[in-house]
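Residue numbers (this note's numbering): 90 to 340. Cβ coordinates follow ideal geometry from the N, Cα and C atoms, glycine included. Quantities reported herein were computed from a predicted structural model and do not represent experimental measurements. Worksheet: the structure to be examined is printed underneath.
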Ligand code: GLN
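Structural data, given as structure tokens:
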């Protein structure tokens, strides 16, 4: 299923064009410190190299390339990323949804991916609708939109919060939670790893809203925002973005 927000992205022309010109492969020597949380396949995970890899890592590398910048990746807990912008890190890329509370602390780039929360259940579970989630113990990654949904939108549900989604999935396998709410692509990766035991259910059947991933940026740094949006636009237009989707997400 293609969930790319091409339509939304093509609307965003504005300043991007100004900054997109004339950027090549030569580096300015400027280092962009990028926070991520490499627990969220296929967007970011620890690869065979022992370093963070995945769609987001490749995307931010392509953006930095366009801008002639060097990248330094910092692998942090997801819940600490927004607060670390401006101190420990310059920007964060982590399958991060544009979200109201976060917008009070950071700005976001233009969106680059459309996403939806999925519900991972044990095979044969009778959980199928929003009403079935009420009163359940639901595994989530701490500080994520899945966590917020459980806390704010599901009556009587208790979030079981983990720093790593894989730990929520392990508790589901051990029967300590009733289900796990997690973004579609990682939910499918984890459910596929345990395809005899787990199933990932489409969040539309639970009425969850669409979400949009973007790069989190320091509040008010319009120069950096324009540079990143300009590079992102070029990467979409020259086909690099689709190549990365094929390599990391739809392979
Ligand atoms: N998209 C979700 C959020 O922004 C989860 C992101 C993640 O766990 N890396 O909260």
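Distance CB(residue i)-CB(residue j) smaller than 8 Å
| i | j | result |
| --- | --- | --- |
| residue 301 | residue 184 | no |
| residue 333 | residue 317 | no |
| residue 206 | residue 238 | yes |
| residue 141 | residue 135 | yes |
| residue 163 | residue 213 | no |
| residue 255 | residue 128 | yes |
| residue 229 | residue 270 | yes |
| residue 242 | residue 262 | no |
| residue 181 | residue 174 | yes |
| residue 158 | residue 120 | yes |
Backbone secondary structure at residue i - three-state DSSP
| i | result |
| --- | --- |
| residue 291 | coil |
| residue 132 | coil |
| residue 341 | The chain is shown only over 90 to 340; residue 341 falls outside these bounds and no answer can be derived. |
| residue 338 | helix |
| residue 122 | strand |
| residue 305 | strand |
Residue span of the beta strand (DSSP E) that contains residue i, given as start and end
| i | result |
| --- | --- |
| residue 325 | Here residue 325 belongs to no beta strand (DSSP E); instead the alpha helix (DSSP H) covers 311 to 326. |
| residue 168 | Neither: residue 168 is in no beta strand (DSSP E) and is coded neither H nor E. |
| residue 272 | 268 to 272 |
| residue 249 | 247 to 251 |
Residue i classed as buried or exposed, judged by whether at least 16 other C-beta atoms fall within 10 angstroms
| i | result |
| --- | --- |
| residue 155 | buried |
| residue 322 | buried |
| residue 284 | exposed |
| residue 138 | exposed |
| residue 225 | buried |
| residue 234 | buried |
Continuous alpha helix (DSSP H) stretch holding residue i: start and end
| i | result |
| --- | --- |
| residue 235 | 234 to 242 |
| residue 330 | 329 to 333 |
| residue 257 | 254 to 262 |
> If you scan the region 152 to 236 from start to end, which runs of the beta strand (DSSP E) of 3 or more residues do you find wholly inside it?
Replying inline: You should have 159 to 164, 195 to 197, 202 to 204, 206 to 211, 226 to 230.
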